[in-house]
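K.L.:
Just passing along the structure, written as structure tokens.
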DNA sequence: GTTAACAAGTAAATCGTTTGCACAGATTAT
DNA sequence: ATAATCTGTGCAAACGATTTACTTGTTAAC
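Protein chains in written order, with my numbering: chain A, 497 to 837; chain B, 497 to 837.
As structure tokens, this is what we get:
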């Protein structure tokens, strides 16, 4: 069917091993032979069978990204894509391929990971978020598979991971609102299980405490990383007797929902309610008003995490935990006084 | 190292072939043996080596998506992600994995495809756009590899593909503006090589011609699927002696740039310039004003195209060319009279 | 009671590579 | 001149599955 190493060998009048050595640029092969074999190779359009190669080398030059449980939902958040962009840039550079796989629930997700790892289909993987007591992380450590986590593990200190200082980031975001004179600041949050959510919550409360500003249960709403989540949160938060006049929002897409919700309720932004959000996706500057957002270096996150996995595969020593710096990008949504031209 | 079929065989007191047959649910295996072997299998945590399996079966349960040349750029367009969402939904459903690979120029792209196909790494692939005289399509047809194109081939009639009726879509978009009383309608276009761009251009001119409205070279600008592209187009289009009062824009992200450009030049939308765009990505309704857009069923496009590839792999007869219906979603950006509440 | 049919399982070849070991001839060291 | 080392290559055994063709023990048929 397809042209194999044997065909090349026969045509070049050498043994298959020699052809293999030519491909691998083995030093013991003479220049003459190498040239001749190579000529035959492209004359025949030979390409090594990657499966056979992988089988014997136990290597696939493939990294997997596991799509968390509600892949459908995850994929609605643009943060993810910016991340993947970074991942792809790194992997392509290194000549690795990216495999995307998922499951429709936590069990299936684990099954997928086990299948890929035990089945020898991948050389390493990238985990996007970490839940508390994550069975996948547990499995990967046990099996000693190269992997890196984007985020922070709540269970183990020494999991290779790339993260932001989310406590500090939320602290900065909240303080930015405080600096604008805001006194009643709420928090539109994400899934409580995630380390990221917990850290940002910590930063938020810390800033409030330091400024001696009130923290109210009713000003905090937990949700998903979805537009509707932010939209719905407004109904509940703004129906409080004394609603907040400023909001820290866990994610830009959620903030889009917040914008929509507030607009429908008749609030003006930022005059009535000021907003600071996270991730600074490309479209945050296009909404009306543009959203102030903490840039977490999403692309860098993906790029660095992939690099980490690649290094682990090459047995290069790595720093277990890398922090990508964040940066507050101020736009109109958070400013006390705004001038429209 | 890893537990193999032989280990299972030994422990279960049968031959490797029997274990293999148990896995494949071969009818010639007795229930008793099957049970016993299966018990041993999960006692040992056995998982078949996918490479070995692929080697002999010449099958990988993997579909590749080739990222076009400027992957970095492509990934900035959200249209792509919605597409991938559809692809993943279909593939996950069918138990296939998705491999994303790319190259940094057309040659590398082709090389990647050749490597993956000849190397037996994938069972089929999905092409995102088609250029004229695309060497990749040429190669895939020659090699008889299952693949589907999202879009339309300019070279071959019978390439399996999923597409919109882009001529009609652009015709509808333009007519919508005409119905609003617009007389001077421009077109912010995409790369001229792409079938999609050409088709939309055709629909646009057709609508103008039928309505006996003027077509002016200066009102048409070619660009990329990038925000900046739309932004820059405004400088050139609006500096015409008689600038258009309405624009058909090739893509939502480009339209975002158009919005930004027009705002900076002091035009109000839709009062001074009305806009209709394509793809209807999630954020089109969040801009100010929300953008009227042709929903092309992006998710469906990805979902259907993947299905087509899977069918080809399973040797099921397919319709070579499927058309996904489009739908005009009217929002404020295109309306003659607007009321803000 | 012999043979044919069948059920359940095994042995061995195969898929396309890589790689340790062997070996012949050339080169260098002593 | 002989031993020791180097060079360049081939043989054959992996890697971990699947699958064809063969064995064996039972049951049914005549």
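We put the CB at the ideal spot given by N, CA and C, even for glycine.
Rank A:649, A:777, A:583 and A:787 by C-alpha distance to the C-alpha of residue 754 of chain A and give the top, closest one.
P.N.:
Selected option, being the one with the closest Cα: A:787.
K.L.:
Between the C-alpha atoms of residue 745 of chain B and residue 585 of chain B, what's the straight-line distance to the nearest angstrom?
P.N.:
Distance between the alpha carbons of residue 745 of chain B and residue 585 of chain B is about 29 angstroms.
K.L.:
Assess contact between the region 610 to 623 of chain A and the region 547 to 558 of chain A, defined as three or more Cβ pairs (one per stretch) separated by less than 8 angstroms. Is contact present?
P.N.:
Touching, yes, given that three or more Cβ pairs across the two stretches are closer than 8 angstroms.
K.L.:
Quick check: is the beta carbon of residue 671 of chain B nearer than 9 angstroms to any beta carbon in chain A?
P.N.:
Residue 671 of chain B does not count as touching chain A.
K.L.:
Residue 510 of chain B to residue 512 of chain A, Cα distance in whole Å?
P.N.:
If I take the Cα positions, the gap works out to 35 angstroms.
K.L.:
Should residue 547 of chain A be flagged as near chain B, meaning a C-beta pair shorter than 9 angstroms?
P.N.:
It does: the Cβ of residue 547 of chain A has a partner Cβ on chain B nearer than 9 angstroms.
K.L.:
Going straight from the alpha carbon of residue 718 of chain B to that of residue 692 of chain B, what length do you get?
P.N.:
Rounded to whole angstroms, residue 718 of chain B to residue 692 of chain B spans 13 angstroms at the Cα level.
K.L.:
Assuming the contact rule is C-beta atoms closer than 8 angstroms, residue 682 of chain A and residue 740 of chain A should be a hit. Round their C-beta distance to whole Å, please.
P.N.:
Between residue 740 of chain A and residue 682 of chain A the Cβ distance is about 4 angstroms, and since that is below 8 angstroms, they are a contact.
K.L.:
Count the CB pairs spanning the region 809 to 828 of chain A and the region 597 to 612 of chain B that are closer than 8 angstroms, and state whether there are at least three.
P.N.:
Contact between the region 809 to 828 of chain A and the region 597 to 612 of chain B is absent, because fewer than three Cβ pairs lie under 8 angstroms.
K.L.:
Got a sec: is the Cβ-Cβ distance from residue 812 of chain A to anything in chain B below 9 angstroms?
P.N.:
Residue 812 of chain A does not count as touching chain B.
K.L.:
Using alpha carbons as the reference points, say which of B:654, B:546 and B:768 lies closest to residue 785 of chain B.
P.N.:
Among B:654, B:546 and B:768, the Cα nearest to that of residue 785 of chain B belongs to B:768.
K.L.:
Is there a Cβ of chain B sitting closer than 9 angstroms to that of residue 667 of chain A, yes or no?
P.N.:
Not one chain B Cβ lies under 9 angstroms of residue 667 of chain A.
K.L.:
May I have the straight-line CA-CA distance separating residue 632 of chain B from residue 639 of chain B, to the nearest angstrom?
P.N.:
Approximately 11 angstroms between the Cα atoms of the pair.
K.L.:
Counting only C-beta atoms, is residue 507 of chain A closer than 9 angstroms to chain B at any point?
P.N.:
So no, residue 507 of chain A is outside the interface.
K.L.:
Would you mind reading off the limits of the alpha helix (DSSP H) that contains residue 705 of chain B?
P.N.:
Looking at the DSSP string, the run of the alpha helix (DSSP H) that includes residue 705 of chain B is 691 to 706.
K.L.:
How about residue 669 of chain B and residue 574 of chain B: do their beta carbons lie closer than 9 angstroms?
P.N.:
No.
K.L.:
Residue 727 of chain B versus chain A: which residues are under 8 angstroms apart at the beta carbon?
P.N.:
The contacting residues do not exist; residue 727 of chain B stays about 11 angstroms from chain A at best.
K.L.:
So which residues on chain A does residue 574 of chain B lean against when the C-beta distance must stay under 9 angstroms?
P.N.:
The contacting residues are 574, 577, 778 and 779.
K.L.:
What I want to know is whether the C-beta of residue 643 of chain A ends up closer than 8 angstroms to one or more non-hydrogen atoms of the ligand ADP.
P.N.:
Among the components modelled here there is no ligand, and therefore nothing to report on the ligand ADP.
K.L.:
Does residue 773 of chain B get closer than 9 angstroms to chain A when you measure Cβ to Cβ?
P.N.:
Not an interface residue.
K.L.:
Does residue 634 of chain A pass the burial test, meaning 16 or more other C-beta atoms within 10 Å, or should it be called exposed?
P.N.:
Its Cβ having fewer than 16 others within 10 Å, residue 634 of chain A is exposed.
K.L.:
Within 10 angstroms of its Cβ, does residue 549 of chain A collect 16 or more other Cβ (buried), or is it exposed?
P.N.:
So residue 549 of chain A counts as buried.
K.L.:
Counting C-beta neighbours from all protein chains within 10 Å, is the total for residue 656 of chain A 16 or more, i.e. buried, or is it exposed?
P.N.:
The residue is buried, with at least 16 neighbouring Cβ atoms inside 10 Å.
K.L.:
If you draw a straight line from the C-alpha of residue 627 of chain A to the C-alpha of residue 514 of chain B, how long is it?
P.N.:
Answer to the nearest angstrom: the Cα atoms are 40 angstroms apart.
K.L.:
Using the Cα positions of residue 731 of chain A and residue 752 of chain B, report the straight-line distance between them to the nearest angstrom.
P.N.:
Approximately 29 angstroms between the Cα atoms of the pair.
K.L.:
Quick one: list the residues of chain B neighbouring residue 719 of chain A, beta-carbon separation under 8 angstroms, in chain order.
P.N.:
Under the 8 angstroms cutoff, chain B gives no residues; its nearest Cβ is about 17 angstroms from residue 719 of chain A.
K.L.:
From what residue to what residue does the alpha helix (DSSP H) around residue 683 of chain B run?
P.N.:
First-last for residue 683 of chain B: 681 to 684, but that is the beta strand (DSSP E), not the alpha helix (DSSP H).
K.L.:
What does residue 560 of chain B pair with, by DSSP beta-bridge criteria?
P.N.:
Answer is B:595 and B:621, bridged to residue 560 of chain B.
K.L.:
On the three-state DSSP scale, how would you describe residue 613 of chain B?
P.N.:
Correct three-state label for residue 613 of chain B: helix.
K.L.:
Using a C-beta cutoff of 9 angstroms, does residue 831 of chain A count as contacting chain B?
P.N.:
Answer no: the Cβ-Cβ gap between residue 831 of chain A and chain B never drops below 9 angstroms.
K.L.:
Using the Cα positions of residue 799 of chain A and residue 648 of chain A, report the straight-line distance between them to the nearest angstrom.
P.N.:
One C-alpha to the other measures close to 16 angstroms.
K.L.:
Less than 9 angstroms between the C-beta atoms of residue 790 of chain B and residue 749 of chain B, yes or no?
P.N.:
Against a cut-off of 9 angstroms, the Cβ pair of residue 749 of chain B and residue 790 of chain B comes out as no contact.
K.L.:
Look at the alpha carbon of residue 499 of chain A and the alpha carbon of residue 591 of chain A, and state the distance between them as a whole number of angstroms.
P.N.:
Rounded to whole angstroms, residue 499 of chain A to residue 591 of chain A spans 23 angstroms at the Cα level.
K.L.:
What residues from the region 591 to 622 of chain A come within 7 angstroms of chain B, judged by C-beta to C-beta, listed N to C?
P.N.:
Listed in sequence order: 593, 594, 595, 596, 597, 598, 610, 611, 614, 615, 616 and 617.
K.L.:
What residue ranges within the region 615 to 672 of chain B form continuous beta strand (DSSP E) runs of no fewer than 3 residues, ordered along the chain?
P.N.:
620 to 623, 643 to 646 and 657 to 660, all fully within the region 615 to 672 of chain B.
K.L.:
Taking the alpha carbon of residue 578 of chain B as the reference point, which residue from B:804, B:699, B:803 and B:779 has its own alpha carbon closest?
P.N.:
It is B:779 whose Cα lies nearest to the Cα of residue 578 of chain B.
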